[in-house]
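Following: one structure in structure tokens, then a few remarks.
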Amino acid sequence: MADTTGNSSATRTRKGLLDTLEVDTRLLGMIGAFVVLCLIFNFVTDARFLTPRNVFNLSIQTVSVALMATGMVFIIVTRHIDLSVGSLLATCSAVMAMTQTAILPDILGGLNHPMTAPLALVVGLVVGTAIGAFNGWLVGYLTIPAFIVTLGGLLVWRNVAWYLTNGQTIGPLDENFQLLGGINGTLGETASWVVGGIAVIAALLALASARRSKRAHDFPVKPLWAELVLGLVIAAAILGFVAVLNAYDVPQNRLERMFEARGEVMPEGYTEGYGIPYSVLLLILVAIVMTVVARKTRLGRYIFATGGNPDAAELSGINTRLLTVKVFAIMGFLCALSAAVASARLTFHSNDIGTLDELRVIAAAVIGGTALAGGIGTIYGAILGALIMQSLQSGMAMVGVDAPFQNIVVGGVLVLAVLIDILYRKRTGAK
Amino acid sequence: MVDRSGTPLVELRDISIAFGGVKAVDHVSVDLFPGEVVGLLGHNGAGKSTLIKCLSGAYRQDTGDVYINGEKATINNPRDARRYNIETIYQTLALADNLDAASNLFLGREIVTPLGLVDESAMEAETRKVMGRLNPNFRKFNAPVSALSGGQRQSVAIARAVYFNARILIMDEPTAALGPAETQMVAEIIQELKKQGIGIFLIDHDVHSVKRLCDRAAVMKNGELVGVVDVDKVSTDDILAMIIAGKKPEHLAA
Ligand SMILES: Nc1ncnc2c1ncn2[C@@H]1O[C@H](COP(=O)(O)OP(=O)(O)OP(=O)(O)O)[C@@H](O)[C@H]1O
Ligand SMILES: [Mg+2]
Numbered sequence: 043m044a045d046t047t048g049n050s051s052a053t054r055t056r057k058g059l060l061d062t063l064e065v066d067t068r069l070l071g072m073i074g075a076f077v078v079l080c081l082i083f084n085f086v087t088d089a090r091f092l093t094p095r096n097v098f099n100l101s102i103q104t105v106s107v108a109l110m111a112t113g114m115v116f117i118i119v120t121r122h123i124d125l126s127v128g129s130l131l132a133t134c135s136a137v138m139a140m141t142q143t144a145i146l147p148d149i150l151g152g153l154n155h156p157m158t159a160p161l162a163l164v165v166g167l168v169v170g171t172a173i174g175a176f177n178g179w180l181v182g183y184l185t186i187p188a189f190i191v192t193l194g195g196l197l198v199w200r201n202v203a204w205y206l207t208n209g210q211t212i213g214p215l216d217e218n219f220q221l222l223g224g225i226n227g228t229l230g231e232t233a234s235w236v237v238g239g240i241a242v243i244a245a246l247l248a249l250a251s252a253r254r255s256k257r258a259h260d261f262p263v264k265p266l267w268a269e270l271v272l273g274l275v276i277a278a279a280i281l282g283f284v285a286v287l288n289a290y291d292v293p294q295n296r297l298e299r300m301f302e303a304r305g306e307v308m309p310e311g312y313t314e315g316y317g318i319p320y321s322v323l324l325l326i327l328v329a330i331v332m333t334v335v336a337r338k339t340r341l342g343r344y345i346f347a348t349g350g351n352p353d354a355a356e357l358s359g360i361n362t363r364l365l366t367v368k369v370f371a372i373m374g375f376l377c378a379l380s381a382a383v384a385s386a387r388l389t390f391h392s393n394d395i396g397t398l399d400e401l402r403v404i405a406a407a408v409i410g411g412t413a414l415a416g417g418i419g420t421i422y423g424a425i426l427g428a429l430i431m432q433s434l435q436s437g438m439a440m441v442g443v444d445a446p447f448q449n450i451v452v453g454g455v456l457v458l459a460v461l462i463d464i465l466y467r468k469r470t471g472a473k
Numbered sequence: 128m129v130d131r132s133g134t135p136l137v138e139l140r141d142i143s144i145a146f147g148g149v150k151a152v153d154h155v156s157v158d159l160f161p162g163e164v165v166g167l168l169g170h171n172g173a174g175k176s177t178l179i180k181c182l183s184g185a186y187r188q189d190t191g192d193v194y195i196n197g198e199k200a201t202i203n204n205p206r207d208a209r210r211y212n213i214e215t216i217y218q219t220l221a222l223a224d225n226l227d228a229a230s231n232l233f234l235g236r237e238i239v240t241p242l243g244l245v246d247e248s249a250m251e252a253e254t255r256k257v258m259g260r261l262n263p264n265f266r267k268f269n270a271p272v273s274a275l276s277g278g279q280r281q282s283v284a285i286a287r288a289v290y291f292n293a294r295i296l297i298m299d300e301p302t303a304a305l306g307p308a309e310t311q312m313v314a315e316i317i318q319e320l321k322k323q324g325i326g327i328f329l330i331d332h333d334v335h336s337v338k339r340l341c342d343r344a345a346v347m348k349n350g351e352l353v354g355v356v357d358v359d360k361v362s363t364d365d366i367l368a369m370i371i372a373g374k375k376p377e378h379l380a381a
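For the record, the sequence lines run as chains A and B. One gets my numbering by counting positions in the first sequence from 1 and adding 42 to each. One gets my numbering by counting positions in the second sequence from 1 and adding 127 to each.
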């Protein structure tokens with residue numbers, strides 16, 4: 043063991059630095075893996091992987107699965123599973139598509155009415171939440187295992203969607219509705235910088251207020267420089283992301299058409315970047331809300347407590363049955379939101395929308411560190427998990443890996459990620 | 128001496144509960160007065176935990192009633208029990224292993240900010256205060272309770288029960304995992320709570336500590352109540368005889 047002493051003292055000092063920064067080493071590991079993955083793909087594809095265009099596409103492709111993955115964290119944390127999310131997405135998508143193409147035009151008079159998109163969205167969200175709550179009721183109150191309820195749901199809702207649309211592709215969807223899809227709805231450069239600026243300020247304020255509240259109770263705080271480094275890294279990441287999305291220029295012919303539509307002539311040499319897509323903004327909002335719910339609300343407490351020890355939660359006066367209904371209802375709501383984004387991105391509803399999404403969503407949550415045993419998981423982890431999965435998939439497609447190999451690799455990575463997680467937890471002594 | 132002339136704080140009347148064919152509790156009646164400590168004794172599987180779980184809302188008795196301050200109480204779940212200011216330290220401790228001490232202490236009763244968000248710092252500060260009294264050596268405030276020793280975990284469970292102004296306290300073997308100093312601390316807390324007029328059910332296998340801490344002892348065997356005795360009027364041998372033989376000693380039977 044003598045040869046390891048030098049080694050371990052080195053890790054100790056490094057640990058010391060990370061400890062002072064109080065960053066989550068697990069998160070750091072995931073970000074590291076993600077960065078390495080991106081760099082490898084970028085190298086293999088002759089720098090095509092990290093172009094603004096591809097980063098833009100990656101982010102809009104990730105949104106749908108990432109939205110649902112945040113909800114799946116709560117489901118898995120409470121020791122349940124939801125295999126029906128892909129099918130539920132299809133049903134919500136079908137409902138929204140039918141509402142905006144078959145029902146609302148008759149009521150509101152004509153296509154592309156300004157109220158069509160919001161109404162369709164509300165209908166979809168209500169349906170999604172209701173179905174989710176129903177699943178939760180079957181699991182919580184009738185005590186049917188979630189695996190069975192949602193395995194049934196996988197078949198039921200996929201085919202309800204089919205029935206609603208007679209198996210047909212429904213489209214094109216309402217123009218305003220398509221804004222949620224990504225490429226058809228972005229903030230533009232200026233607004234993107236504004237949003238980025240606000241995000242930086244909000245992040246710094248959050249850091250400062252956490253520090254102040256610790257101070258107020260005389261708890262130890264990390265040194266000021268550590269706080270500043272952390273703030274700087276966060277600010278750089280946010281603004282860097284905005285800069286990349288702004289660097290992706292809208293194609294010239296499309297710009298010309300936009301100017302024509304406004305009855306103007308495009309000035310010579312005019313360019314405009316896409317900026318942040320609305321769908322990505324939506325994901326960020328959902329991520330913030332879900333994180334606040336998880337960490338700062340009673341509901342979040344109860345979700346994690348129930349996952350850690352259901353009996354203890356019940357004995358502490360928590361209504362764990364109702365909690366199950368709430369958790370599944372949140373999942374249903376997010377499936378509907380995800381359905382809106384996915385169908386808007388395609389510009390139509392297709393019969394196979396969301397197929398196999400349940401596996402991607404569960405994989406994203408698990409790669410993101412959600413423990414199937416319950417009680418452990420983070421929202422940002424799940425989103426990062428979704429991003430890693432999506433990068434793998436598109437990176438391999440870009441390199442030209444055959445479809446079967448793509449899936450083989452993704453499957454292998456899922457298992458490997460869990461193994462690494464188990465080893466990591468063993469080493470750090472966490473459960 | 129405890130004044131037992133008024134209405135009892137708690138009256139368990141003729142409680143029975145069976146699991147499948149096993150009569151875990153069989154027509155047991157016990158009462159508890161304000162400021163009194165009643166010890167529950169009996170061999171393993173005698174039905175002590177099951178009996179008090181009917182009071183704490185974890186189980187629903189098959190027959191029999193619970194009276195609190197002379198009025199019939201409906202306790203269908205732990206939430207109902209909390210409404211009657213009944214606090215329980217379970218034999219299994221009932222802690223969420225993945226959460227830290229403060230989160231467990233306030234589980235179900237979190238301190239919230241005016242915005243309705245959980246106030247973690249305030250809860251940690253309160254936890255530091257209670258734990259400071261119960262177990263001054265306790266330091267692991269930011270670790271999940273799975274990282275605590277058995278005794279530390281027990282301290283957290285005790286802190287939770289005594290923090291929220293209970294009127295009725297149920298302690299199911301609260302000192303089983305505690306060291307001598309911590310056990311002494313719990314004994315002192317029991318004395319203090321007694322003075323405040325709180326009624327305590329104390330389940331304990333140690334006849335000596337029951338004799339020291341309790342006013343009366345109720346002995347159970349195979350789900351049935353053997354008898355309730357004034358600890359001052361019996362010897363430890365008498366109590367042991369009741370536990371083992373399952374009947375009241377001759378000189379007490381009357
Ligand atoms: N949930 C349950 N399901 C089935 N049987 C149970 C259950 N809980 C308790 N029992 C049975 O009821 C009887 C009484 O158990 P109880 O836990 O009340 O004993 P106890 O007096 O607390 O024992 P100990 O001193 O070991 O804690 C036992 O025979 C036990 O097997
Ligand atoms: Mg017991």
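In this text, a Cβ means the ideal position worked out from N, Cα and C, and glycines have one as well. These figures come from a predicted structure and were not determined experimentally.
- Query: Does DSSP put Glu214 (chain B) in a helix, in a strand, or in coil?
  - Reply: strand
- Quick one: is Ser50 (chain A) buried, meaning 16 or more other Cβ sit within 10 Å of its Cβ, or exposed? Low local confidence applies: a pLDDT of 40 at Ser50 (chain A) is under 50, so the model's placement there is unreliable, with the coordinate-based value given in what follows. Classification for Ser50 (chain A): exposed.
- Item | Residues near ligand 4, criterion Cβ-heavy atom distance below 7 Å | Ligand 4 is absent from the structure shown, which contains only ligand 1 and ligand 2.
- When DSSP builds the beta bridges, which residues end up paired with Phe146 (chain B)? B:Val149
- Task: Please state whether DSSP places Val105 (chain A) in a helix, a strand or coil.
- Result: helix
- Compute the Euclidean distance between the alpha carbons of Glu217 (chain A) and Asn154 (chain A), then round it to the nearest angstrom. 6 Å
- Tell me, please, whether the CB atom of Asn351 (chain A) is closer than 7 Å to any CB atom in chain B? yes
- Query: CB of Val344 (chain B) to nearest heavy atom of ligand 1: below 6 Å?
  - Reply: Residue identity check: residue 344 (chain B) is Ala in the sequence provided, not Val. No, the Cβ of Ala344 (chain B) stays beyond 6 Å of every heavy atom of ligand 1.
- Message: Could you give the first and the last residue of the continuous beta strand (DSSP E) run that contains Ala345 (chain B)?
- Response: Arg343 to Lys348
- Going by Cα to Cα distance, which pick from B:Val353, B:Pro241, B:Leu234 and B:Leu305 is closest to Ala354 (chain A)? B:Leu234
- Item | Contact set for Ile144 (chain B): own chain, Cβ-Cβ below 7 Å, skip 5 residues either direction | Ala151, Val152, Thr177, Cys181, Tyr186, Gln188 and Asp189
- Query: chain B beta carbons: is any one of them nearer than 7 Å to that of Gly417 (chain A)?
  - Reply: yes
- Query: From Met300 (chain A) to Ile102 (chain A), what does the alpha carbon distance come to, in whole angstroms?
  - Reply: 22 Å
- Would you tell me roughly how many angstroms separate the C-alpha atoms of Leu296 (chain B) and Lys375 (chain B), rounded to the nearest one? 27 Å
- Mind listing the chain A neighbours of Val245 (chain B)? Cutoff is C-beta to C-beta under 9 Å, in chain order. Arg337, Lys338, Thr339, Arg340, Gly342 and Arg343
- Query: What are the start and end residues of each continuous alpha helix (DSSP H) run of 4 or more residues lying completely inside the stretch 161–225 of chain A, in chain order?
  - Reply: 188–207
- Message: Taking 7 Å as the threshold (beta carbon to beta carbon), is Gly174 (chain B) in contact with chain A?
- Response: no
- Query: Got a sec: is the Cβ-Cβ distance from Ser248 (chain B) to anything in chain A below 7 Å?
  - Reply: yes
- Go through the stretch 177–211 of chain B residue by residue and report every complete run of the alpha helix (DSSP H) that reaches 4 residues or more, in order. 205–210
- Message: Check whether the stretch 265–278 of chain A and the stretch 253–273 of chain B touch, using three or more Cβ-Cβ pairs below 8 Å as the test.
- Response: no
- Query: Using a Cβ-Cβ cut-off of 8 Å (strictly less than) and excluding sequence neighbours within five positions of Thr141 (chain A), which residues of its own chain qualify?
  - Reply: Leu161, Ala162, Val165 and Gly166
- Task: With hydrogens ignored, establish whether the beta-carbon of Gly166 (chain B) is closer than 6 Å to any heavy atom of ligand 1.
- Result: no
- Have a look at Val169 (chain A) and Cys134 (chain A) and give me their C-alpha separation to the nearest angstrom. 7 Å
- Gly166 (chain B) lies in the beta strand (DSSP E); which residues open and close that run? Val164 to Gly169
- Give the straight-line distance between the Cα atoms of Met43 (chain A) and Leu429 (chain A), rounded to the nearest whole angstrom. With a pLDDT of only 35 at Met43 (chain A), under the threshold of 50, the placement of this residue in the model should not be trusted; the figure read from the coordinates follows. Approximately 40 Å, taken between the alpha carbons.
- Would you decide whether Val408 (chain A) is buried or exposed? Buried here means 16 or more other CB atoms lie within 10 Å of its CB. buried
- Message: Using only the alpha-carbon positions, how far apart do Asp365 (chain B) and Lys338 (chain B) sit?
- Response: 11 Å
- Query: For Leu139 (chain B), which three-state DSSP category applies?
  - Reply: strand
- Task: Find the residues of chain B that neighbour Gly224 (chain A), judging by a C-beta separation of less than 8 Å, and give them in chain order.
- Result: Under the 8 Å cutoff, chain B gives no residues; its nearest Cβ is about 32 Å from Gly224 (chain A).
- Message: Can you check which of these residues, B:Leu139, B:Ala270 and B:Gly350, is closest to Gly148 (chain B) by C-alpha distance?
- Response: B:Gly350
- Message: Under 7 Å, Cβ to Cβ, is there at least one residue of chain A near Gly278 (chain B)?
- Response: no
- Task: Note down, in chain order, each residue of its chain lying with its Cβ closer than 7 Å to the Cβ of Thr46 (chain A), except the 5 sequence neighbours on either side.
- Result: Only weak support exists for where Thr46 (chain A) lies, its pLDDT of 38 falling under 50; the coordinates are left without a value.
- Message: Using C-beta distances below 8 Å, list every residue in its chain close to Val239 (chain B), excluding the 5 sequence neighbours before and after it, in chain order.
- Response: Val245 and Asp246
- Can you pull the chain A residues whose beta carbon is under 9 Å from the beta carbon of Leu296 (chain B), in chain order? Going along chain A, no residue has its Cβ under 9 Å from Leu296 (chain B), so there is no contact; the nearest lies around 15 Å.
- Task: Note down, in chain order, all residues in the stretch 354–366 of chain A with a beta-carbon under 8 Å from any beta-carbon belonging to chain B.
- Result: Ala354, Ala355, Glu356, Leu357, Ser358, Gly359, Ile360 and Asn361
- Item | Members of the stretch 193–226 of chain B near chain A, C-beta cut-off 7 Å | Pro205, Arg206, Arg209, Tyr217, Ala221, Leu222, Ala223, Asp224, Asn225 and Leu226
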